[in-house]
């Protein structure tokens, strides 16, 4: 266990020191709009840190004003501390403002816990309204003690989910027209906090303790380096190799990223739908695509 913690701390330190990509220096209002419950949104005095709160009445959420198709999208989050069972903090990309039946979506969902229990992170991918592609991971740090970065890298070849620049999930495309890889619709980026005690903690067995409310999540350092969608005809084509995130090197993990990814697979994966043969007697097509290639 000591060696595992040492390796985890080493990876976190190395990745946290990586040079920022596409960092945005603009204000919240330049990038985002409040989706609902503006009274549950606050900023720090300098306006650089944003807080969303959840109480028994409602939560809160915000979204980007722009839509993007492909790129690098990153945010630093500090999650709800203490007893947060039933509380979900979501950080995601979606092609629609609501949970529409034909949406494409990429999800980070942080599942609350009882004090002292591990914080789990769930990721999911939707295409044309069909998800059911969940993975769950443990984290190698306490995400309530400090800010950590959570990032999407999205091009026509792969989607990579990063935590502190460590790739925790690789979702590949097969280069053919398919029903699993979202690559046609532009997406907004969202974040929200909401009550999901019907499923979020131990399958809904642990309910939200409203005596601990308000539950507050914090955000800062939004960064984007992506292709901004422009109607009526977008400038975002499937291959735009002038951008680093869509050049050949970004179509695959690097050797060092493969080492980090292998460590995550060995130590932190709690659930992988591609290994759930009871749920999927015939595994989905994308499960046959290697993240290593």
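Numbering (mature numbering (1 follows the signal peptide of the UniProt record, and there is no 0)), first residue to last: -20 to -1, 1 to 273.
A virtual CB, placed ideally from N, CA and C, is assigned to each residue, including glycine.
Fair warning: this is a prediction, and the values are worked out from it, not measured in the lab.
What residue does the alpha helix (DSSP H) around residue i start on, and which one ends it?
i           : result
residue 237 : 235 to 247
residue 8   : 8 to 11
Beta-carbon within less than 6 Å of residue i's beta-carbon, same chain only, minus the 5 sequence neighbours each way: which residues are those?
i           : result
residue 137 : 153, 231
residue 104 : 87, 111, 113, 114
residue 82  : 108, 109
residue 89  : 68, 70, 102
residue 327 : With the chain represented from -20 up to 273, any question about residue 327 goes unanswered, as that position is not in the structure.
residue 139 : 151
residue 196 : 31, 33
residue 46  : 208
residue 141 : 103, 148, 149
residue 221 : 227
residue 257 : none
Please report the Cβ distance between residue i and residue j, rounded to the nearest whole angstrom; I am assuming they are in contact, meaning their Cβ atoms lie under 8 Å.
i           : j           : result
residue 150 : residue 71  : Rounded, the Cβ-Cβ distance is 18 Å, inconsistent with contact.
residue 50  : residue 134 : 5 Å
residue 169 : residue 53  : 6 Å
residue 92  : residue 192 : 10 Å between Cβ atoms; not a contact.
residue 190 : residue 36  : 5 Å
residue 175 : residue 32  : Contact flag wrong, Cβ pair sits at about 13 Å.
residue 233 : residue 147 : 6 Å
residue 173 : residue 40  : 6 Å
residue 167 : residue 73  : 4 Å
Among the residues of its own chain, which have a CB less than 8 Å from the CB of residue i, if the five just before and after it don't count?
i           : result
residue 276 : Because residue 276 is not part of the residues shown, which for the chain are -20 to 273, the question remains open.
residue 38  : 16, 17, 20
residue 229 : none
residue 80  : 109
residue 268 : none
For the beta strand (DSSP E) containing residue i, name the first residue and the last one.
i           : result
residue 175 : 168 to 175
residue 104 : 100 to 106
residue 49  : 48 to 58
residue 270 : Note, residue 270: premise wrong, no beta strand (DSSP E); not H, not E.
residue 149 : 146 to 152
residue 288 : Nothing can be reported for residue 288, as the shown portion of the chain is limited to -20 through 273.
residue 211 : Element bounds for residue 211: n/a, residue is neither H nor E.
residue 74  : 67 to 74
residue 85  : 85 to 91
residue 23  : 21 to 23
residue 29  : 29 to 34
If you drop the 5 nearest sequence neighbours on each side, which residues of the same chain put their C-beta closer than 7 Å to that of residue i?
i           : result
residue 4   : The predicted model places residue 4 with a pLDDT of 48, which falls under 50 and marks its position as unreliable, so this point remains unresolved.
residue 27  : 7, 8
residue 165 : 75, 84
residue 2   : Residue placement at residue 2 cannot be trusted, given a pLDDT of 47 that sits under 50; what the coordinates show is reported in the next sentence. Closer than 7 Å at Cβ, skipping near neighbours: 52, 203, 204, 205.
residue 251 : 114, 115, 116
residue 44  : 11, 12, 168, 169
Q. Is there contact between the segment 116 to 126 and the segment 238 to 256, where contact requires at least three CB pairs shorter than 8 Å?
A. yes
Q) If you pair each beta-carbon of the segment 200 to 211 with each one of the segment 59 to 79, do three or more pairs fall below 8 Å? A) no
Q.
Count Cβ pairs between the segment 39 to 59 and the segment 126 to 141 that sit closer than 8 Å; are there 3 or more?
A. yes
Q.
Within 8 Å, do at least three Cβ pairs link the segment 156 to 175 to the segment 247 to 266?
A. yes
Q) Which ranges does the beta strand (DSSP E) cover as unbroken runs of at least 3 residues, wholly within the segment 108 to 144, from first to last along the chain? A) 115 to 118, 128 to 134, 138 to 143
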